[in-house]
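**Q** Pasting a structure here, questions to come.
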Amino acid sequence: MIPNLARDVRAFTSNAFLVTGDRTVVVDAGANFDVVSKIRDHVDAVVLTHTHSDHVGNVDAVRDAFDVETWGFDPAQPSVDHELADGDDVRMGDHDYRVLHTPGHKDDHVCLYASTAEVLFAGDLVFENGGFGRTDLDEGDRETLIRSIDRLLSVVDEDLAAMHVGHGPSVTGRPYDDIELASRAARLG
Ligand SMILES: [Zn+2]
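Going by numbering that gives the first Met the number 0, the first residue of the sequence shown is number 0, and it counts up by one from there.
Take a look at the structure:
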């Protein structure tokens, strides 16, 4: 069970997941709500799928409250303390997640995939029901996004069990199909 701390929040925010276990990690901090009061005891690290403001707005509050550091693809971003490179493994909860650099929505976007647990954090690359990330913002590029979705399809197993996304509900019923659908939809849209 990986709770979304932004569940039921009405403000402009991404989802913010609390991955508990050996190493308690917040995946994306969200924005414009009090995430600190929703994290009960402690946090060992914050991992960012990308640095859009709706994902990182709460980073300073989490840093201050828990004296914790952050990991992301681009250490030049003020919200990123430590670099995560493509192919790195990052421990979250009780599993190692592979870092997949997946630009197209934003240059520093990564997905995080644990093949042992069959869990994926997809950020704003793909969403439920074949949704896919906006490419009309700065650094957005549809062709790049399509390549990133196709790379994701080539890496994750078809029996992927859970996909946690940056906005909207997590997918636990054959999320691989949702990614395939996103690949097709992004080519049409
Ligand atoms: Zn975004």
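Just so you know, even glycine gets a beta-carbon here, dropped at the ideal spot from N, CA and C. Quick caveat, the model's predicted, so the values are computed rather than measured.
Quick check on phenylalanine 65: does DSSP put it in helix, strand or coil?
**A** helix
**Q** Beta carbon of valine 35, beta carbon of valine 18: below 8 Å?
**A** no
**Q** Assign asparagine 14 to one of two classes, buried (16 or more other C-beta atoms within 10 Å of its C-beta) or exposed (fewer than that).
**A** buried
**Q** Should glycine 167 be counted as a contact of ligand 2 given a C-beta to heavy atom distance under 7 Å?
**A** Here the bound small molecules are ligand 1; ligand 2 is not part of this structure.
**Q** In this structure, how does DSSP classify valine 35 when only helix, strand and coil are distinguished?
**A** helix
**Q** Go ahead and pull the three-state DSSP assignment for glycine 129.
**A** In the structure shown, glycine 129 sits in a helix (DSSP, three-state: H, G or I).
**Q** Considering only residues of the same chain and omitting the five flanking positions on each side of valine 118, which have a CB-CB separation below 6 Å?
**A** Ala161
**Q** Relative to the C-alpha of glycine 20, which residue among Ala64, Ala116, Thr101, Leu47 is closest?
**A** Ala116
**Q** For arginine 186, which residues from the same chain have a beta carbon less than 7 Å from its beta carbon, with the 5 sequence-adjacent residues on both sides left out?
**A** Here the set comprises Ile145.
**Q** Just to confirm the assignment: which complete beta strand (DSSP E) runs, minimum length 3, are found wholly within the region 52–105?
**A** 69–71, 88–91, 94–100
**Q** Considering only their Cβ atoms, is the gap separating histidine 104 from aspartate 135 smaller than 8 Å?
**A** no
**Q** Could you give the residue range of the beta strand (DSSP E) that holds valine 45?
**A** 44–46
**Q** What residues in its chain sit with their C-beta under 7 Å from that of serine 147, if we drop five residues either side in the sequence?
**A** Once the five neighbours on either side are set aside, the close Cβ partners of serine 147 are Thr101, Pro102, Gly103, Leu124.
**Q** Run the Cβ filter for me: residues under 5 Å from any heavy atom of ligand 1, listed in the order they occur in the chain.
**A** His51, Asp123
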